[in-house]
Amino acid sequence: MKKTYFTLSLMLVLTANYAQNSVTAKADKLFESYQYVAAIEEYTRLAESKNASEYIYKQLADSYYNVFDSANAAKWYAKATSKGKSDAETYYRYAQTLKILGKYQEANKQMDVFAKMMPSDARAKEHLANPNYVPSLANNSKLFEVAQTNINSKGQSDFGAIVTNDNTLYFASTRNSSNKTDNWNKQPYLDIYQATRDEKGVFSEPVQVKELNTSFHDGPITLSADGKTMFFARDGHSEGQYEKNKKSNIKVGQQGIYKATKVDGKWTNVEALPFNSTSYSFTNPSLTNDGKTLYFASNMPGGFGESDLWKVSVETNGYGKPQNLGPNINTADRENFPFITEDNILYFATTGRQGLGGFDIYKMDLSNNTTAQNVGKPVNSEKDDFSFSFNTKLNVGYFSSNRNGNDVVFSAIPICKAEAVVIVSNAKTKALLANADVAILDVKGNVIATEKTNSEGKVKYPIECNLGYGLKVAAQNFESTSSTVKIDKAGIATVEVALKPLEVVITDKEVILNPVYFEYDKSNITAQGATELDKLVKVMKDNPSMVIFVKSHTDSKGGDDYNLKLSERRAQSTVQYLISKGISQGNISGKGFGSTEQKIKCGTNCTEQQDSQNRRSEFLIVKK
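FYI, this note's numbering numbers position 87 of the sequence shown as 1011, with every residue one higher than the one before it.
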């Protein structure tokens, strides 16, 4: 995988703690010149012979580690550490490979050994402070939705993807099979490619940026805000910048950063940055939006680990002095693939912090120097996840991962977290309503949750940006209503809902309407009566399990038999009206009681006022 080149070209060659001899000379020469695939063949032959030793096991494990073959690396690290005589860094690397394989408990055991050997190391301190961090890290709130893009090449490496504001994607790839093969891992050298992104996030067929590609490694790149200036990584061999290894007679080139400008649609005026070196590497550049600061990764002296993140000022007549980003970002292990966003958020990959596997992607707000944060799943996985970029205007990020075998490019769409605050009030009095039911629904109308408003008439729901939600609000003795909520950025969306009070009172025993009047000596429903009964229809439809029994009463005027028959006709007329409005027959029944159940006990000597109160209909709740 080509991140081998971009990470190991930055690595300091660690001196083994074991004595080398003529038996391992050939394998060691290949290892020291970064020809890891060939070194694996030689060390494997030795490991399976009578000459096998802890040194050979370690070198073989390191070779596999350096080409990101964690399964085989773990196998040989186990042999190298079996007698407990390995150096501390070997135990650390063994733990890293075990994490990549998802063997966290076993990884912790190796970290315990490392921490005992190197108690003052920041990685050891972090482990001892929180050895069982994986569950909490895996359960962190998801920040992005990820999906594999359509630009990936089968069996090759694609990474370093950045998208411009005009939807042009640049990335580095080994897909050019006509390129000669890199001896480090037997894959073609990298070229710079570009593709166009459509409104659905789908890319056109990638094409080479031919004027920038050489016979050696080229890319990844970073662009100025106006798209006219590019900084990119390039193998020193292309410019004749290398040192010759006297033992192996191999030309060892380092990564350097180069600048190009766009003239008439073509990239030209390629020039090396003045601090490039044949002794150490500069790679993976990222330019700030104002074009004044260039971030990059390097193993130059003055760092904290195998590779560190640095920055340099871009000035009118040159460049400032590179500055290390310090221990808040850099560790004793590998930091790489920096990317700085328009709003000053630094994304980077590291193997030196507690993560889910190999390289994990972290973010840090450089404006307030907050603690670096692991972006969590699904961006990070048990494998290597790296080379994260983000376009704030298009609101999309891209990163690479070998979770499926090869380094492929994924998109990362941020999950925007917001809060919907629903405030429910009485439309008539403006008073806030406590205990109102507020249901939130998804785009398909499914109820996600239902909560009651507090004493301030409020209920709060966490929501995602750019998704529409429905709201259904109901309260006893008020008309139910619906509303919606949608927000396009993080924050609080306040929705005020005013409920109209029903002219209906619902108690535990009955539904109380205004009087339902009938014409003298008649039982048909009047317009006034229909208006009141429609309120009952709504109550029953809002409460479909409710069963009502209608009791109709008359005043004391007229004979008992007459009053009883009149009230019965009125009760049945009321029942039929409700059924005609869609109320189930099983939910409504009625009976006339004449003047037998007076509300005002006045017998036959009732006043007109008393008669009007006795002349009534009652709607008893049989079942809610």
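Idealized CB from N, CA, C, for every residue including glycine.
Beta-carbon proximity of residue i to residue j, cut-off 8 Å
| i | j | result |
| --- | --- | --- |
| Ala1093 | Ala1119 | Note that residue 1093 is Leu in the sequence shown here, rather than Ala. Yes, these two residues count as a Cβ contact at 8 Å. |
| Tyr1018 | Ala998 | yes |
| Glu1259 | Gly1281 | no |
| Tyr1393 | Ile1416 | no |
| Ala1344 | Val1419 | yes |
| Tyr1286 | Phe1314 | no |
| Val1333 | Phe1083 | yes |
| Phe1543 | Glu1375 | no |
| Val1440 | Leu1457 | yes |
| Lys1489 | Lys1515 | no |
| Leu984 | Ala1002 | no |
| Val1421 | Val1471 | no |
| Tyr1015 | Met1041 | yes |
| Asp1142 | Ile1181 | no |
| Val1131 | Trp1191 | no |
| Val1348 | Gly1381 | yes |
Rounded Cβ spacing between residue i and residue j (contact assumed at less than 8 Å)
| i | j | result |
| --- | --- | --- |
| Ser1480 | Asp1535 | 6 Å |
| Leu1318 | Asn1089 | 7 Å |
| Ala1342 | Cys1389 | 5 Å |
| Leu1067 | Phe1155 | That belief does not hold up - the Cβ atoms of Leu1067 and Phe1155 are roughly 28 Å apart, past 8 Å. |
| Ser1325 | Asp1308 | 7 Å |
| Gly1279 | Asn1304 | 6 Å |
| Tyr960 | Ser987 | 5 Å |
| Ser1077 | Arg1099 | 4 Å |
Nearest candidate by alpha-carbon position, reference residue i, set the options
| i | options | result |
| --- | --- | --- |
| Gln1179 | Phe1199, Thr1088, Val1187 | Phe1199 |
| Thr1498 | Thr1295, Ser1541, Gly1483, Thr1408 | Ser1541 |
| Gly1276 | Phe1263, Leu1233, Asp1267 | Leu1233 |
| Ser1201 | Met1224, Lys982, Glu965 | Met1224 |
| Ala1039 | Leu1025, Met1464, Asn1054 | Asn1054 |
| Glu1306 | Gly1244, Phe992, Ala976 | Phe992 |
| Ala963 | Asn975, Asn990, Pro1262 | Asn990 |
| Asp1466 | Ile1545, Glu1532, Glu1403, Leu984 | Glu1403 |
| Leu1547 | Ser1237, Met1464, Asn1076 | Looking at the sequence itself, residue 1547 is Lys, so the reference to Leu does not match. Among Ser1237, Met1464, Asn1076, the Cα nearest to that of Lys1547 is on Met1464. |
| Pro869 | Lys1235, Gly1244, Gln1247, Gly1242 | Look at the range of the chain in this structure, 925 to 1548, and you will see that residue 869 is not part of it. |
| Thr1153 | Tyr1182, Lys1186, Lys1515, Val1126 | Lys1186 |
| Asn1538 | Glu966, Glu1521, Thr1207 | Glu1521 |
| Ile1503 | Lys1523, Phe1473, Gly1482 | Phe1473 |
| Asn1268 | Pro1246, Asp1115, Asn1213, Gln1080 | Asn1213 |
| Lys1301 | Lys1396, Leu1357, Val1070 | Val1070 |
| Pro1112 | Lys1525, Gln1132, Ser1349, Gln1080 | Gln1080 |
| Lys1033 | Ala1046, Asp1045, His1051, Pro1043 | His1051 |
| Pro1209 | Lys1183, Trp1191, Thr1294, Gly1226 | Lys1183 |
Backbone CA spacing between residue i and residue j [nearest angstrom]
| i | j | result |
| --- | --- | --- |
| Leu1423 | Val1362 | 12 Å |
| Ser933 | Leu1061 | Unreliable positioning characterises Ser933 in this predicted model, as indicated by a pLDDT of 42, which lies under 50. A coordinate reading is not provided. |
| Ala1494 | Lys1462 | Before going on, a small fix: residue 1494 reads as Arg here, not Ala. Approximately 21 Å, taken between the alpha carbons. |
| Ser1407 | Lys1124 | 29 Å |
| Leu1437 | Asn1359 | 23 Å |
| Thr1478 | Gln1400 | 30 Å |
| Glu1239 | Ala1149 | 16 Å |
| Ile1411 | Ala1085 | 29 Å |
| Asp1011 | Ser1311 | 30 Å |
| Ala1373 | Gly1189 | 55 Å |
| Ile1449 | Lys1413 | 54 Å |
| Gln1496 | Asp1432 | 24 Å |
| Leu1218 | Asp1122 | 29 Å |
| Phe1323 | Leu1356 | 48 Å |
| Asp1036 | Thr1265 | 37 Å |
| Lys949 | Gly1242 | Strictly speaking, residue 949 in this sequence is Ala, with Lys absent from that position. Going from the Cα of Ala949 to the Cα of Gly1242 covers about 45 Å. |
| Asn1091 | Val1320 | 11 Å |
| Thr931 | Ser1222 | Legend: pLDDT at Thr931 = 46, less than 50; position of this residue unreliable, no value from coordinates given. |
8 Å Cβ cutoff, residue i in contact with chain D
| i | result |
| --- | --- |
| Ala997 | Among the chains in the structure shown there is no chain D, since it carries only a single protein chain. |
Neighbour-count burial assignment, residue i, 16 or more Cβ in a 10 Å radius
| i | result |
| --- | --- |
| Val1383 | buried |
| Glu1135 | exposed |
| Lys926 | In this prediction, Lys926 has a pLDDT of 42, which is less than 50 and means its spatial position is unreliable; what the coordinates show is noted afterwards. Classification for Lys926: buried. |
| Glu1195 | exposed |
| Asn975 | exposed |
| Lys982 | buried |
| Val1367 | exposed |
| Ile1145 | buried |
| Ser1491 | buried |
| Gly1518 | buried |
| Ala1004 | buried |
| Lys1023 | buried |
| Glu1443 | exposed |
| Gly1215 | exposed |
| Glu966 | buried |
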